[in-house]
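Undergrad: Those protein sequence lines, which keep their order, are chains A and B.
Here the first sequence is numbered in the numbering used here, starting from 26 and rising by one per residue.
Here the second sequence is numbered in the numbering used here, starting from 26 and rising by one per residue.
There are 2 protein chains.
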Amino acid sequence: MKRLPLRQAFTLIEPGPVVLVTTNDGEKDNVMTISWTMVVDFTPVFAITTGPWNHSYAALARSRQCVIAIPTVDLLDRVVGVGTCSGANTDKFAKFGLTPAKAKHVKAPLIEECWANIECKVIDIVKKHAIVVLEGVAAYVDGSRKERRTIHAIGDGTFVVDGRRLDRRRRMRTKIPPGV
Amino acid sequence: MKRLPLRQAFTLIEPGPVVLVTTNDGEKDNVMTISWTMVVDFTPVFAITTGPWNHSYAALARSRQCVIAIPTVDLLDRVVGVGTCSGANTDKFAKFGLTPAKAKHVKAPLIEECWANIECKVIDIVKKHAIVVLEGVAAYVDGSRKERRTIHAIGDGTFVVDGRRLDRRRRMRTKIPPGV
Numbered sequence: 026m027k028r029l030p031l032r033q034a035f036t037l038i039e040p041g042p043v044v045l046v047t048t049n050d051g052e053k054d055n056v057m058t059i060s061w062t063m064v065v066d067f068t069p070v071f072a073i074t075t076g077p078w079n080h081s082y083a084a085l086a087r088s089r090q091c092v093i094a095i096p097t098v099d100l101l102d103r104v105v106g107v108g109t110c111s112g113a114n115t116d117k118f119a120k121f122g123l124t125p126a127k128a129k130h131v132k133a134p135l136i137e138e139c140w141a142n143i144e145c146k147v148i149d150i151v152k153k154h155a156i157v158v159l160e161g162v163a164a165y166v167d168g169s170r171k172e173r174r175t176i177h178a179i180g181d182g183t184f185v186v187d188g189r190r191l192d193r194r195r196r197m198r199t200k201i202p203p204g205v
Numbered sequence: 026m027k028r029l030p031l032r033q034a035f036t037l038i039e040p041g042p043v044v045l046v047t048t049n050d051g052e053k054d055n056v057m058t059i060s061w062t063m064v065v066d067f068t069p070v071f072a073i074t075t076g077p078w079n080h081s082y083a084a085l086a087r088s089r090q091c092v093i094a095i096p097t098v099d100l101l102d103r104v105v106g107v108g109t110c111s112g113a114n115t116d117k118f119a120k121f122g123l124t125p126a127k128a129k130h131v132k133a134p135l136i137e138e139c140w141a142n143i144e145c146k147v148i149d150i151v152k153k154h155a156i157v158v159l160e161g162v163a164a165y166v167d168g169s170r171k172e173r174r175t176i177h178a179i180g181d182g183t184f185v186v187d188g189r190r191l192d193r194r195r196r197m198r199t200k201i202p203p204g205v
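(1) Which of the three DSSP states is assigned to histidine 130(B) in this structure?
(2) Which residue marks the beginning of the alpha helix (DSSP H) containing alanine 106(A), and which one marks its end?
(3) Could you tell me the boundaries of the alpha helix (DSSP H) in which lysine 120(B) lies?
(4) Can you list, in chain order, the residues of its chain with a C-beta nearer than 6 angstroms to that of valine 46(A)? Leave out the 5 residues immediately preceding and following it.
(5) At 8 angstroms on the CB atoms, spell out the chain A contacts of serine 111(B), in chain order.
(6) Starting from arginine 32(B), trace the beta strand (DSSP E) in both directions and tell me its first and last residue.
(7) Enumerate in chain order the residues of its own chain whose CB-to-CB distance from valine 186(A) is below 7 angstroms, with the five nearest sequence positions on each side excluded.
(8) Can you tell me the Cβ-Cβ gap for threonine 74(A) and isoleucine 156(A), rounded? I've got them flagged as a contact below 8 angstroms.
(9) In terms of alpha-carbon separation, which member of Pro42(A), Ser81(A), Lys171(A) lies closest to lysine 53(A)?
(10) Rounded to whole angstroms, what is the Cα-Cα separation between alanine 126(A) and isoleucine 136(A)?
(11) Could you compute how far the alpha carbon of valine 131(B) sits from the alpha carbon of lysine 153(B)?
(12) Out of curiosity, what's the CA-to-CA distance linking phenylalanine 67(A) and cysteine 139(A)?
(13) Which residues, taken in chain order from the stretch 47-63 of chain A, show a beta carbon closer than 8 angstroms to some beta carbon of chain B?
(14) So, with DSSP's three-state summary, where would you put threonine 36(B)?
(15) Interface residues of chain A around methionine 197(B) at Cβ under 7 angstroms?
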């Protein structure tokens, strides 16, 4: 995986793909599937909605670190599997054939099979709304990967795969931050 | 447009489409393009990132109401247009040929050309992060529309259109709320 300039990392989350969020509680790695994510700033800052009902939340809140990994459509069944069992009684990395890789700034692992990974630190938890605010501190993409189509959860058990890409760069140029 | 059961409205936002957000400041309607959105609860509750740098923000914060309208790919150039000019000096509804329609619970208008619309009330503003938390109070979809492919902003001036839909309803059934 090669480094992605941090100023481009928001472009991994802005289109709204399903993501995997990894944590490490000091002893073990865990991973959860999350669709409820949002960009909050280009720097980049992200928000995710999660709370104590997710087993990963305790590790996330205590360690104040995580990795957001972006899977592509070839991983859909593993993503659904990760999202429908609990780290409380399952080693999800082993069960779903996901390979943890060492991150640089956080103890939570990158996921080798994913197209992109973002190391994040928790900068705030808005408890009232179960919103966790994250700052991205390093980002990576696997440039050798042919399959780059991400998946979007509808929320009813169906998923939409990325289709074709339309270019409006010229008309959008006043809105695109430098270096993106 | 026909009513969509409110418990299904989160499925309009969960996949992460670009949306239009309308407001009314007591005198005029305005509309902005937003990509930074998130589902916060199934009830439904949504978060959007916006602040005083958007002309619509003053009306949103004062009226505590808005409509989230979901455009489809045939509206891409209008969506880009709305996102690259300001309501401070432009009647964006007139300029981009968008038709405001009366909402039931809020003064902000629905947009007739959009595939779906959600009437929302502001339930909180997390100023520190410029996150506005919204509760959906009514939702509509245009069932007569053939084009239903939404668009996802990458953030670099390109957009990805919805591709094919994959069904994992059976495997996801434990995670889908009743009536969705």
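Idealized CB from N, CA, C, for every residue including glycine.
TA: Answer, in terms of the structure:
(1) Within the second sequence, numbered from 1, the residue matching residue 130(B) stands at position 105. Of the three classes helix, strand and coil, the one that applies to histidine 130(B) here is coil, per DSSP.
(2) Start at 1 with the first residue of the first sequence, and residue 106(A) comes out as number 81. In the sequence as displayed, the identity of residue 106(A) is glycine instead of alanine. Segment 101-108, the alpha helix (DSSP H) holding glycine 106(A).
(3) Reading the second sequence from its first residue, position 95 is the one you call residue 120(B). Start and end: 117-120.
(4) As a first step, residue 46(A) is located in the first sequence; it is residue number 21 there, counting from the start. Result list for valine 46(A): Met57, Ile59, Cys91, Ile93, in chain order.
(5) Along the second sequence, read from residue 1 onward, the residue named residue 111(B) stands at position 86. Correct list: empty, because the minimum Cβ distance to chain A is about 11 angstroms.
(6) Here the question's residue 32(B) lines up with position 7 in the second sequence. The continuous stretches of beta strand (DSSP E) do not include arginine 32(B), and DSSP gives it neither H nor E.
(7) Taking the first residue of the first sequence as position 1, residue 186(A) is located at position 161. Only Val98, Arg174, Ile176 meet the Cβ criterion.
(8) Counting from one through the first sequence, the residue named residue 74(A) turns up at place 49. Counting from one through the first sequence, the residue named residue 156(A) turns up at place 131. Contact flag correct, Cβ pair sits at about 6 angstroms.
(9) As a first step, residue 53(A) must be located in the first sequence, where it is residue number 28. Per the Cα distances, Ser81(A).
(10) The residue labelled residue 126(A) in the question sits at position 101 within the first sequence. The residue labelled residue 136(A) in the question sits at position 111 within the first sequence. One C-alpha to the other measures close to 6 angstroms.
(11) Working through the second sequence from its first residue, we reach residue 131(B) at position 106. Working through the second sequence from its first residue, we reach residue 153(B) at position 128. For valine 131(B) and lysine 153(B), the distance between alpha carbons rounds to 26 angstroms.
(12) Counting from 1 along the first sequence, the entry for residue 67(A) is found at position 42. Counting from 1 along the first sequence, the entry for residue 139(A) is found at position 114. Phenylalanine 67(A) and cysteine 139(A): Cα-Cα distance of roughly 22 angstroms.
(13) Here the close residues are Ser60, Trp61, Thr62, Met63.
(14) Within the second sequence, numbered from 1, the residue matching residue 36(B) stands at position 11. Here threonine 36(B) sits in helix by DSSP.
(15) Numbered from its first residue, the second sequence carries residue 197(B) at position 172. By Cβ distance, chain A contributes Val105, Thr109, Gly182.
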